[in-house]
Amino acid sequence: MENAMYIISFGNSMQYRLVVPCDSNHSKEITHLEKNMLAYLEKKFPIDVVKYLAEAKVECVDPKDYAKYESYPPLDADAISKIKKVLDTGIEVDNATKKLDNNELHSA
17 MENAMYIISF
27 GNSMQYRLVV
37 PCDSNHSKEI
47 THLEKNMLAY
57 LEKKFPIDVV
67 KYLAEAKVEC
77 VDPKDYAKYE
87 SYPPLDADAI
97 SKIKKVLDTG
107 IEVDNATKKL
117 DNNELHSA
């Protein structure tokens with residue numbers, strides 16, 4: 017059975033490789049990942065801040081290009097953990113920047 021390859025990222029995370037059998041419902045797996053990411057982020061940050069970050073960027077790879085992406089890390093539990101850390105850091109930096117910008121406006 018042949019496999020399909022997708023390159024997936026969330027927010028500013030690295031890109032990861034997801035390889036699934038061609039007959040599997042990859043969209044169901046990706047939707048599950050998005051829901052998992054959203055649920056995780058909602059526990060820590062306001063929904064309006066995180067909703068766009070929980071949406072996966074998905075690129076379908078043409079079979080003739082598979083070799084180009086073999087070095088990409090697989091989208092596994094370790095990758096999900098790393099993605100969550102990147103998203104946490106990004107949101108915290110954005111929030112700190114907004115707070116500094118707001119403080120600057122009031123101190124001028």
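First residue of the sequence shown: 17, per the numbering used here; consecutive thereafter. Glycine included, every Cβ here is placed at the ideal spot set by N, Cα and C. Remember, it's a predicted structure, so these values are computed and weren't measured experimentally.
My understanding is that M21 touches Y82, with C-beta atoms under 8 Å, so please give their C-beta distance in whole angstroms.
With a beta-carbon spacing of about 6 Å, M21 and Y82 fall inside the 8 Å limit used to define contacts.
Could you give the distance in angstroms between the alpha-carbon of E50 and the alpha-carbon of K80?
Each residue's alpha carbon lies about 28 Å from the other.
For T55, the nearest candidate out of K44, L69 and S43 (CA to CA):
Here residue 55 turns out to be Ala, not Thr, going by the sequence shown. With distances taken between Cα atoms, A55 lies closest to L69.
What residue does the beta strand (DSSP E) around N19 start on, and which one ends it?
N19 to F26 is the span of the beta strand (DSSP E), which, as asked, contains N19.
Give me the Cα-Cα distance between N41 and K114, rounded to the nearest whole angstrom.
K114 has its alpha-carbon roughly 40 Å from the corresponding atom of N41.
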